[in-house]
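Beneath this line is the structure, given in structure tokens, with notes to follow.
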Amino acid sequence: MQSIKNKRLIRTGSFIAGHWHNSDAALNVYNPATGQLLATVSNAGTEQAIVAVDKAYAAQKLWATRTAGERSELLMAWHDAILQNIDDLARILTLEQGKPLAQAKGEVAYGASYVKWFAEEALRVYGDTIPAPSGDKRIVVLKQPVGVVGAITPWNFPNAMMVRKAAAAMAAGCTFVVKPSEETPLSALAVAALAQQAGIPDGVLSVVVSEDAQGIGEVLTTHPHISKFSFTGSTGVGKKLLAQCANGVKRTSMELGGNAPFIVMEDADQAAALSGLMSAKFRNAGQTCVCPNRVFIHRSIYDNFADKLQNKLGTLTIGPGLNDEVDIGPLINEKATSKIKALVERSLAMGAKVLYTLSAPLDGCYYPPTIMVNVNNQMPIARTEIFGPVATLIPFDSEQEVVELANDTEYGLAAYLYTRDVGRIFRMSEALAFGMVAINEGVVSNAASPFGGVKASGHGREGSKYGLDDYLNIKSLCLGGIDA
Ligand code: ADP
698 MQSIKNKRLI RTGSFIAGHW HNSDAALNVY NPATGQLLAT VSNAGTEQAI
748 VAVDKAYAAQ KLWATRTAGE RSELLMAWHD AILQNIDDLA RILTLEQGKP
798 LAQAKGEVAY GASYVKWFAE EALRVYGDTI PAPSGDKRIV VLKQPVGVVG
848 AITPWNFPNA MMVRKAAAAM AAGCTFVVKP SEETPLSALA VAALAQQAGI
898 PDGVLSVVVS EDAQGIGEVL TTHPHISKFS FTGSTGVGKK LLAQCANGVK
948 RTSMELGGNA PFIVMEDADQ AAALSGLMSA KFRNAGQTCV CPNRVFIHRS
998 IYDNFADKLQ NKLGTLTIGP GLNDEVDIGP LINEKATSKI KALVERSLAM
1048 GAKVLYTLSA PLDGCYYPPT IMVNVNNQMP IARTEIFGPV ATLIPFDSEQ
1098 EVVELANDTE YGLAAYLYTR DVGRIFRMSE ALAFGMVAIN EGVVSNAASP
1148 FGGVKASGHG REGSKYGLDD YLNIKSLCLG GIDA
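When we follow the working numbering, the leftmost residue of the sequence shown carries the number 698, and every step to the right adds one.
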């Protein structure tokens, strides 16, 4: 952490309504590239989460009365502060999360693009007037902030996942209390420090860092002052949190697990497909919820494509993310590496084969990037979200077959399709049961495009012109007695 220039970004306590809260209880944050202790952060309890929610409730009344223009300007100031500190924020991110520094910078810029997007969208919360059923009536629709938003965010994008939820909520006139992952709290605290510097009023944004995920989760899903809960994480935890929200009938946004198919048709531009697969599969060491989990390749090009993939993977460097030449960093912790090892071993026992492995450093939480062949859609490696640098190649013979295979999963977040046939693009995109389809493109997400899933991948959309709706209530006014 000595290399961080702006020391004000290094925070070791929760940020609750404008105050940095320190306590004796400690939570250790480790660098996954070395296994060494990186920082010790105060471990907040549920009482701090309750204070944060109560303060957010009081602050929301005032925040909602600020004009959209004022909220927009404050968000733009936050955006500018994030970009001015991009090098330090990226370094903090790499140190606690492991991804290569260039990707960490990409994440900070990506998160900031949502702040800018929602600063602009804040100005465009339009209502409606609707033709009334009789001449003496008028119908007017208002959009109002839902109130206090509770959120829980994951460790794989510790900066951007927090920032894109917070920006949308704040733009809509909501206040926001977030619990970041206990694995990676430093990035969320650093952007909170910048929000304070940018002049975001106390209580509008609070960050509660705690090892007691369950206890804080309980507060953020059941406290009577919470109107809405937004979660990004695993489907298993998401289901529990959704059930907790049911009792208070809270609004929810759930961005959960994925099992993305990456489909390469026989008419695809193979070079483009290969480069799209490399970036989508191995970015963040495969720890993204939109990561291709099953690579379906038309049988007529299967062997050739597998060879090219192997050659390409052989050119990558794996190691600590702070080294400039590194393409793939460590996984988040030992639990992640053992989970993948077990998935691979169980699938090998069912007939899968390893085509290629790139050797990885022995120290730190690394998993060797691997290509597996002879995989079928029923094997554990194809049914479970891998969340690591293992590419599983599955052959297919027809358009209809691959759509059925791709849809044969409980998940429905992202899908990738490579083909040059326009009819096929529409037929297949419409038939794929996923919230997002990337066509001839390896990057599915940007601030202008709605991000979110269907089925067990969740509901709600982040970013885009739809993103604010998740934080707004519709109120209809029915006026009578208009006729003279
Ligand atoms: P992953 O398996 O990728 O770590 P999780 O869903 O376990 O994903 O974690 C995502 C976020 O959910 C983290 O902030 C974590 O602390 C939080 N979390 C995990 N379990 C619970 C729980 N029972 N209640 C509330 N939050 C939880």
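Quick reminder that beta carbons are idealized off the backbone N, C-alpha and C, glycines included.
Fair warning: this is a prediction, and the values are worked out from it, not measured in the lab.
Once you ignore the five residues that flank leucine 939 on each side, which residues in its own chain have a CB closer than 7 Å to its CB?
Taking the first residue of the sequence shown as 1, we reach residue 939 at position 242. These residues qualify, in order along the chain: Thr949 and Met951.
Pull the bridge partners of phenylalanine 873 from the DSSP assignment, please.
Residue mapping note: residue 873 aligns to position 176 of the sequence shown, counting from 1. Note: phenylalanine 873 sits in a beta bridge opposite Val846 and Leu902.
Give every residue of the same chain whose Cβ lies closer than 8 Å to the Cβ of threonine 731, excluding the five residues on either side of it in the sequence, and list them in chain order.
Residue mapping note: residue 731 aligns to position 34 of the sequence shown, counting from 1. Closer than 8 Å at the Cβ level, and outside the excluded window around threonine 731, lie Pro1017, Asp1060 and Gly1061.
What three-state label does DSSP hand methionine 962 in the structure shown?
Start at 1 with the first residue of the sequence shown, and residue 962 comes out as number 265. Coil.
Near the ligand ADP, which residues have their beta-carbon less than 5 Å from any of its heavy atoms, given in chain order?
The set, ordered by position in the chain, is Ile849, Pro851, Ser878, Ala910, Gln911, Gly914, Gly930, Ser931 and Val934.
Since glycine 1149 contacts glutamate 1138 with CB under 8 Å, what's their CB separation in whole angstroms?
Translated into the one-based positions of the sequence shown, residue 1149 becomes position 452. Translated into the one-based positions of the sequence shown, residue 1138 becomes position 441. Not quite, the Cβ-Cβ distance comes to about 18 Å (not below 8 Å), so this is no contact.
Take the Cβ of arginine 705 as the centre, count every other Cβ of all protein chains shown within 10 Å, and call the residue buried at 16 or more, exposed below.
In the sequence shown, counting from the first residue as 1, residue 705 sits at position 8. It counts as exposed.
At 3 residues or longer, and completely inside the stretch 912 to 966: list those beta strand (DSSP E) runs for me, N to C.
Runs found: 923 to 929, 948 to 952 and 957 to 961.
What residue does the alpha helix (DSSP H) around leucine 1165 start on, and which one ends it?
Your numbering for residue 1165 matches position 468 in the sequence shown. Premise fails: leucine 1165 is in no alpha helix (DSSP H) and is neither H nor E.
Quick one: residues in its chain with C-beta nearer than 7 Å to the C-beta of valine 1151, no 5 flanking neighbours on either side, listed in chain order?
Within the sequence shown, the letter at position 454 stands for residue 1151. Gly1109, Ala1130, Phe1131 and Gly1132, listed in sequence order.
Could you check whether the stretch 919 to 928 touches the stretch 829 to 849, counting it as contact only if at least three pairs of C-beta atoms, one from each stretch, sit closer than 8 Å?
In short, these stretches touch, since the Cβ pair count reaches three.
What's the C-alpha gap between glycine 870 and valine 822?
Locating residue 870 in the sequence shown gives position 173, counting from the first residue. Locating residue 822 in the sequence shown gives position 125, counting from the first residue. Spanning the two alpha carbons is a distance of roughly 10 Å.
Is it the case that the Cβ atoms of aspartate 1118 and aspartate 964 are separated by a distance below 8 Å?
The residue labelled residue 1118 in the question sits at position 421 within the sequence shown. The residue labelled residue 964 in the question sits at position 267 within the sequence shown. It is a contact, given that the beta carbons lie within the stated cut-off.
Would you decide whether glutamine 757 is buried or exposed? Buried here means 16 or more other CB atoms lie within 10 Å of its CB.
Locating residue 757 in the sequence shown gives position 60, where the first residue counts as 1. Under this definition glutamine 757 is a buried residue.
Can you look up valine 726 in the DSSP assignment and give me helix, strand or coil?
Here residue 726 corresponds to residue number 29 of the sequence shown, with the count starting at 1. Three-state DSSP puts valine 726 in a strand.
Using DSSP bridges, identify the partner residues of aspartate 825.
As a working mapping, residue 825 is identified with position 128 in the sequence shown. Paired residue(s): Val838.
In chain order, what residues of the same chain have a beta carbon less than 7 Å from the beta carbon of arginine 1193, not counting five sequence neighbours either side?
As displayed, the chain neither begins before 698 nor continues past 1181, which places residue 1193 out of reach and without an answer.
How many Å lie between alanine 1079 and tyrosine 754 at the Cα?
As a first step, residue 1079 is located in the sequence shown; it is residue number 382 there, counting from the start. As a first step, residue 754 is located in the sequence shown; it is residue number 57 there, counting from the start. In a straight line, the C-alpha of alanine 1079 is about 44 Å away from that of tyrosine 754.
So what's valine 1070 in DSSP terms, helix, strand or just coil?
Counted from its first residue, the sequence shown places residue 1070 at position 373. Three-state result, valine 1070: strand.
Skipping 5 residues on each side, what residues in its chain have a beta carbon closer than 7 Å to that of glycine 1155?
Within the sequence shown, numbered from 1, the residue matching residue 1155 stands at position 458. Cβ neighbours of glycine 1155 beyond the five flanking positions: Gly935, Met951, Glu952, Leu953 and Gly1149.
Could you give the uninterrupted runs of the alpha helix (DSSP H) lying entirely in the stretch 736 to 781, keeping only those of 4 residues or more?
743 to 762 and 765 to 781, all fully within the stretch 736 to 781.
Pull up the distance between the alpha-carbon of leucine 883 and that of isoleucine 779, whole angstroms please.
What you label residue 883 is simply residue 186 of the sequence shown in a count that begins at 1. What you label residue 779 is simply residue 82 of the sequence shown in a count that begins at 1. Roughly 14 Å separates the two Cα atoms.
On the criterion of 16 or more Cβ atoms from any shown chain inside 10 Å, does serine 1173 qualify as buried, or is it exposed?
What you label residue 1173 is simply residue 476 of the sequence shown in a count that begins at 1. Exposed.
Mind checking glycine 1177: buried by the 16 CB within 10 Å criterion, or exposed?
Within the sequence shown, residue 1177 is the residue found at index 480, counting from 1. With fewer than 16 Cβ atoms within 10 Å of its Cβ, glycine 1177 is classed as exposed.
Taking only the alpha-carbon atoms, compute the straight-line gap between lysine 838 and methionine 867 and give it to the nearest angstrom.
One-based indexing of the sequence shown puts residue 838 at position 141. One-based indexing of the sequence shown puts residue 867 at position 170. For the sequence presented, residue 838 should be read as valine rather than lysine. Near 21 Å, if we compare the C-alpha coordinates of methionine 867 and valine 838.
Take leucine 735 and list the residues in its own chain whose beta-carbon comes closer than 7 Å to its own, dropping the five residues that flank it on each side.
By 1-based counting over the sequence shown, the position of residue 735 is 38. Within the same chain, leucine 735 has close Cβ partners Met698, Val726, Tyr727, Asn728, Leu792 and Glu793.
Would you kindly check if the distance between the Cβ of glycine 955 and the Cβ of valine 987 is under 8 Å?
By one-based count along the sequence shown, residue 987 stands at place 290. By one-based count along the sequence shown, residue 955 stands at place 258. A contact, by the Cβ cut-off of 8 Å.
Check whether the stretch 760 to 772 and the stretch 813 to 820 touch, using three or more Cβ-Cβ pairs below 8 Å as the test.
In short, these stretches touch, since the Cβ pair count reaches three.
Out of Ile701, Ser1044, Ser1142 and Pro1027, point me to the one whose CA is closest to leucine 786's CA.
Along the sequence shown, one-based indexing puts residue 786 at 89. Checked all of Ile701, Ser1044, Ser1142 and Pro1027; the closest Cα to leucine 786 is Ile701.
Checking 8 Å against the spacing of the C-beta atoms, do alanine 977 and alanine 1112 come in under that value?
For this step, residue 977 is matched to residue 280 along the sequence shown. For this step, residue 1112 is matched to residue 415 along the sequence shown. No; because the gap between Cβ atoms is not below 8 Å, this pair is not in contact.
What whole-angstrom Cβ distance do proline 1086 and glycine 945 have, given they're in contact under 8 Å?
For the purposes of this step, residue 1086 is taken as the residue at position 389 of the sequence shown. For the purposes of this step, residue 945 is taken as the residue at position 248 of the sequence shown. The pair is not a contact, with the Cβ atoms about 40 Å apart (cut-off 8 Å).
Let me confirm a value: cysteine 942 is counted as buried when at least 16 other C-beta atoms fall within 10 Å, else exposed. Which label applies?
For the purposes of this step, residue 942 is identified with residue 245 of the sequence shown, where counting begins at 1. Classification for cysteine 942: buried.
So which of Thr985, His920 and Ile1068 has the shortest CA-CA distance to isoleucine 1029?
Here residue 1029 is taken as the residue at index 332 of the sequence shown, counted from 1. Isoleucine 1029 has its Cα closest to that of Thr985, out of Thr985, His920 and Ile1068.
Figure out for me which residue from Leu917, Ile1136, Asp784 and Pro1027 has the closest Cα to the Cα of alanine 801.
Locating residue 801 in the sequence shown gives position 104, counting from the first residue. Of the listed residues, the one whose Cα sits closest to alanine 801 is Asp784.
With distance defined between alpha-carbon atoms, name the residue in Thr826, Ala806 and Leu724 nearest to isoleucine 1171.
As a working mapping, residue 1171 is identified with position 474 in the sequence shown. Ranking the options by Cα distance to isoleucine 1171, first place goes to Thr826.
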